[in-house]
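Input: a single structure, listed below in structure tokens.
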């Protein structure tokens with residue numbers, strides 16, 4: 001049992017490392033954010049569909065569930081559009097630092113989704129995060145568009161995390177992922193058909209550089225389909241506290257990888273790193289307090 005936990009812990013670190021590499025791939029891929037997300041979601045849904053067929057997972061769904069998955073799929077599509085849009089408008093370091101605020105947005109939205117009171121330290125942490133964001137916004141003036149897009153992406157990631165938290169109670173996580181990715185692909189396809197039909201229905205749309213195809217293939221298969229399915233499996237062996245702390249390493253891994261792969265393009269000001277460290281520290285502190293409170297509640301019960 002202990003050995004299973006250790007394997008799951010190491011495996012989850014690998015998955016978080018892969019998630020951190022996603023942003024680097026977004027910077028390496030030369031096409032714009034919209035076609036990039038279309039290829040990612042479309043290929044990932046295909047890979048997961050193959051997995052579903054191999055595993056014999058049922059795809060049966062009620063109309064109510066399908067509507068819910070459609071809303072979540074649209075949210076995820078916009079999240080990834082703003083995420084990769086932020087990378088194109090700024091860089092990996094800016095985007096991942098801003099994405100760290102996703103846990104903060106989740107804490108603020110939880111009272112709405114789960115009808116609970118806002119906790120005092122969440123308001124305090126919120127004020128600290130806003131101050132850190134303001135410092136970054138003021139010193140990195142060339143990247144303001146990227147900062148705003150990344151913050152919107154972080155907010156949307158919190159929204160679909162909370163939505164999926166509801167779905168996971170009654171549906172297979174692999175099936176949830178398949179439908180959300182497929183519907184997200186359909187939404188972006190509809191956008192192309194309406195707004196850019198000449199581009200979408202041309203061979204040039206699919207005539208990508210060889211390395212773009214390689215990076216997109218890795219992004220869709222390893223960073224999306226595999227990482228999602230594997231994460232669900234290993235989370236069964238890990239505590240929420242361990243999961244939270246490990247996920248918070250994603251921006252650290254991503255920024256380090258960006259330095260290694262992209263070099264000087266990722267060099268930021270000292271104030272940026274101060275702000276990023278403050279945000280990450282607040283997110284970790286919030287998670288520790290939350291899990292300590294839950295542990296005490298379980299122990300007293």
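Residue numbers (the UniProt record's numbering): 1 to 301. Every residue gets a Cβ at the ideal spot worked out from N, C-alpha and C, and that includes glycine. Model, not experiment: these values are computed from the prediction.
query                                                                                                                                                                               : result
Below 8 Å, can you find three or more Cβ-Cβ pairs linking the stretch 175–192 to the stretch 87–107?                                                                                : no
Quick test of your reading: residue 34 and residue 81, contact by CB under 8 Å. State the CB separation rounded to the nearest angstrom.                                            : 6 Å
Between which two residues does the alpha helix (DSSP H) harbouring residue 170 extend?                                                                                             : Premise fails: residue 170 is in no alpha helix (DSSP H) and is neither H nor E.
With distances taken Cα to Cα, identify the nearest neighbour of residue 142 among 181, 45, 90.                                                                                     : 90
Would you call the CB atoms of residue 84 and residue 36 closer than 9 Å?                                                                                                           : yes
Quick check: the stretch 18–28 against the stretch 249–259, are at least 3 beta-carbon pairs closer than 8 Å?                                                                       : yes
Any idea what DSSP makes of residue 249, helix, strand or coil?                                                                                                                     : coil
Less than 9 Å between the beta carbons of residue 87 and residue 212, yes or no?                                                                                                    : no
From which residue to which residue does the alpha helix (DSSP H) around residue 89 run?                                                                                            : 63–89
Run through DSSP, which three-state label would residue 153 get?                                                                                                                    : helix
Any idea if residue 276 is buried or exposed, counting beta-carbon neighbours within 10 angstroms, 16 or more meaning buried?                                                       : buried
Applying the 10 Å Cβ sphere with the 16-neighbour rule, what's the burial state of residue 227?                                                                                     : buried
For residue 72, which residues of its own chain have a beta-carbon under 6 Å away from its beta-carbon, when the five flanking residues on both sides are left out?                 : 160, 163, 180
I need the straight-line Cα distance from residue 234 to residue 206, nearest angstrom please.                                                                                      : 36 Å
Give me, in chain order, the residues of the same chain whose beta-carbon lies closer than 6 Å to that of residue 390; leave out the 5 immediate sequence neighbours on both sides. : With the chain covering only 1 through 301, there is no way to say anything about residue 390.
Pull up the distance between the alpha-carbon of residue 94 and that of residue 232, whole angstroms please.                                                                        : 28 Å
Terminal residues of the continuous alpha helix (DSSP H) containing residue 138?                                                                                                    : 120–139
For the alpha helix (DSSP H) containing residue 36, list its first residue and its last residue.                                                                                    : 33–55
Taking residue 222 as part of the alpha helix (DSSP H), name the residues at either end of that continuous run.                                                                     : Note, residue 222: premise wrong, no alpha helix (DSSP H); not H, not E.
Do residue 166 and residue 58 have their CB atoms nearer than 9 Å?                                                                                                                  : no
Please return the same chain residues whose Cβ sits closer than 7 Å to the Cβ of residue 16, not counting the five positions on each side in sequence.                              : 246, 247, 249, 250, 253
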